[in-house]
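Asks:
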Amino acid sequence: KKAFLGGFRSKKTRTEYHHACTQTDRQPRPSETDVSDKFERETQTAIVIERSQQSVREAGTQMTTPHLTIDDKRDRVMHPLPYFDSDQLFALRLEKTIDLQRQVR
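The opening residue of the sequence shown carries number 5 in this note's numbering; numbering runs sequentially from there.
1. Going by the beta-carbon positions, is the gap between residue 66 and residue 53 smaller than 7 Å?
2. For residue 98, list the residues DSSP reports as bridge partners.
3. Taking the C-alpha atoms as reference points, what is the distance between residue 64 and residue 87?
4. Is the CB-CB distance between residue 30 and residue 20 below 7 Å?
5. Once DSSP output is grouped into helix, strand and coil, what is the label at residue 18?
6. Provide the residue(s) that pair with residue 69 in DSSP beta bridges, ordered along the chain.
7. Could you tell me which residues DSSP puts in a beta bridge with residue 12?
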């Protein structure tokens, strides 16, 4: 039987499960002078996997029908703000930077 160096014991089956990191010897570190596998094509090539993802969360709306009445007392009508382009953002950042410098000095 191996020496117990960590893990857990199942309360149902009383089986001991050992942590792999405590039961396995560490791999020797490669020396700093050995760079033979660092500059190979397989080492430098990233494996890219594309996957589509379907969102778990779904949303929907409900319309009033003759047999269904929906309370709309707390509904809010939202309107979009005017378009804010990158030039306006740059001008705003410049203005705020000058204000900040004015307050510090």
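Don't be surprised by glycine CBs; every beta carbon is placed ideally from N, CA and C.
Replies: Answer, in terms of the structure:
1. no
2. In the DSSP output, where bridge partners are listed per residue, residue 98 has none listed.
3. 27 Å
4. no
5. coil
6. 72
7. 21
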